[in-house]
Amino acid sequence: MNMKQIKKILDDFLKNKNVNTLLAILIIITVILIAFSIFNPSKNQKDRGSNETEVSGSLEENIQRETQVKDDYEREQEEQLTNILKEIEGVGRVSVRITFESGEVKVPAYDKDTQTSVTEEEDKEGGKRVNEQKNDGSKIVMSTDENGNEPFVLQTYKPKVQGIIIVAEGAKVSKVKYNIEKAVSSLYNISVDKVNVYPMNG
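For the sequence shown, the residue numbers in the UniProt record's numbering are 1 to 202.
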């Protein structure tokens, strides 16, 4: 349909002033508008797509941030343990590797809402029945910072040590090896069997 045909139809309609023709034209215009909206994505769909991209982007950023925090913590613990072990008499040069069971665990604050309703019912024979209903609800308390909205964290549990491997120059001497195992076991509150000490080459 071109513009001349549309104009001709409108002129004929205006001359006839027929209600059926008016309805037909309205239906045709509606169909054209619907077809146009189907084949052209709307602004809402574009906005929804950009919002989904923002959400997935922020999720990836959070995962990267958590991974970075875990890596930094592991590296920091290994450096601290290396520095401590170097101070023990007879240890000499030392290399440390710590493995952890999981990443750090953050405990968020919860806003708890408890509602209790008591209903008394009386039946036909005069008996009474009391119904008590409790509804417990809770939601995580959110805080706003430069990273956006994040849960308000009450407590953070650092990763639990799974095992430690230590390679030390002085580990050839059994007393030094024992001192290393005892110190590390006490420091991280783990059993001695999770602390593996080996002599260093050279």
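Think of the CB as a built atom: it goes at the ideal place given N, C-alpha and C, for glycine as much as any other residue.
Secondary structure of Asp123 (DSSP, three-state): coil.
Assigned with DSSP and collapsed to three states, Ile165 falls in strand. Taking the CA atoms as reference points, Val69 sits about 41 Å from Lys134.
Under the DSSP assignment, Ser186 falls outside any beta strand (DSSP E), being part of the alpha helix (DSSP H) whose first and last residues are Ser174 to Tyr188. The way I'd put it, the stretch 74-85 does touch the stretch 174-190; three or more beta-carbon pairs between them come closer than 8 Å. Straight-line measurement puts the Cα of Glu66 at about 15 Å from the Cα of Phe100. About 6 Å separates the beta carbon of Pro159 from that of Glu104, a gap short enough to meet the 8 Å contact definition. Distance check between Gln115 and each of Ile6, Asp136, Glu60 and Tyr198 places Asp136 closest, using alpha-carbon atoms only. Taking all protein chains in view, the Cβ of Lys7 is surrounded by fewer than 16 other Cβ atoms within 10 Å, so the residue is classified as exposed. In this chain, the beta strand (DSSP E) harbouring Val153 covers Val153 to Tyr157. The three-state reading of DSSP puts Gly148 in strand, counting E and B together. Closest by C-alpha distance to Val197, out of Lys175, Ser191 and Ala168, is Ala168.
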